[in-house]
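K.L.:
Below is one structure. I have some questions about it.
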Amino acid sequence: MNNKKLTEREANTYSPLSLAFLGDSVYDTLVREYLLRMANMPVAKLHSAKVKLVCAEFQSEAYGRLEEILSEKELSVLKRGRNATGNTVPKHADTAEYRRATAVESLFGYLFLIGSTERIYELFDRIIADADVSAEI
237 MNNKKLTERE ANTYSPLSLA FLGDSVYDTL VREYLLRMAN MPVAKLHSAK
287 VKLVCAEFQS EAYGRLEEIL SEKELSVLKR GRNATGNTVP KHADTAEYRR
337 ATAVESLFGY LFLIGSTERI YELFDRIIAD ADVSAEI
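According to my numbering, the sequence shown is numbered sequentially starting from 237.
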């Protein structure tokens with residue numbers, strides 16, 4: 237496996253949905269790490285809390301929190317993700333929510349590919365800081 241960071245130009249060659257494919261995993265891992273560090277609890281409870289933080293509705297809300305603090309380049313990636321076609325929308329989310337959630341995942345995938353780990357954590361901290369997570373755990 238090649239762990240080499242990509243340039244922004246190289247990362248931009250991936251489709252927004254491909255970036256979201258990776259970003260979904262990155263975001264999910266951040267949520268799991270966050271919940272585990274917050275409280276030592278049974279796995280079933282951790283899973284229930286995780287589901288609430290990775291759902292399209294929550295990620296769609298995160299889109300709004302991130303929009304105002306992103307660089308021009310990051311905002312461009314976010315918008316490309318939001319405008320990507322080919323999304324199959326799950327029953328529990330509307331199209332707009334799902335597209336904004338895909339946008340957030342695209343951004344996290346992009347940042348991961350270019351090796352911006354510090355920025356990923358910074359953005360994730362902003363998402364979680366503004367959320368009422370205490371009710372989830």
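We put the beta carbon where it would ideally sit given N, CA and C, even for glycine.
1) Between the segment 310 to 325 and the segment 266 to 278, do at least 3 Cβ pairs fall closer than 8 Å?
2) Just to confirm, is the Cβ distance from residue 314 to residue 289 under 9 Å?
3) Tell me which residue opens and which closes the alpha helix (DSSP H) that residue 310 is part of.
4) Residues in its own chain within less than 7 Å of residue 276 by CB, not counting five upstream and five downstream?
5) Tell me which residues share the same chain as residue 295 and place their Cβ nearer than 6 Å to its Cβ, disregarding the 5 neighbours each side in the sequence.
6) Per DSSP, what kind of secondary structure is residue 339 in: helix, strand or coil?
7) So what's residue 367 in DSSP terms, helix, strand or just coil?
8) Considering residue 274, what are the terminal residues of the alpha helix (DSSP H) in which it resides?
9) Would you kindly report the start and end of the unbroken alpha helix (DSSP H) that includes residue 328?
10) Grouping DSSP H, G and I as helix and E and B as strand, with all else coil, what is residue 351?
11) Given residue 298, which residues of its chain have a CB within under 7 Å of its CB, disregarding the five upstream and five downstream residues?
12) In angstroms with no decimal places, state the Cα-to-Cα distance between residue 330 and residue 349.
13) For the candidate residues 367, 345, 257, whose alpha-carbon lies nearest to that of residue 241?
P.N.:
On the basis of the data shown:
1) Using a Cβ-Cβ distance cut-off of 8 Å, the segment 310 to 325 and the segment 266 to 278 are not in contact, since fewer than three pairs of beta carbons, one from each stretch, lie closer than that value.
2) No, Cβ-Cβ distance for residue 314 and residue 289 is not below 9 Å.
3) Residue range 308 to 318 is occupied by the alpha helix (DSSP H) that includes residue 310.
4) Contacts found: none.
5) 337, 340.
6) In the structure shown, residue 339 sits in a helix (DSSP, three-state: H, G or I).
7) In the structure shown, residue 367 sits in coil (DSSP, three-state: anything other than H, G, I, E or B).
8) Where residue 274 is concerned, the enclosing alpha helix (DSSP H) stretches over 252 to 274.
9) Taken as a continuous stretch (DSSP letters only), residue 328 belongs to no alpha helix (DSSP H), as it is neither H nor E.
10) Under the three-state reduction of DSSP, residue 351 is assigned to coil, being neither helix nor strand.
11) Cβ neighbours of residue 298 beyond the five flanking positions: 340, 363.
12) Cα to Cα, residue 330 sits roughly 29 Å from residue 349.
13) Considering only alpha carbons, the answer is 345.
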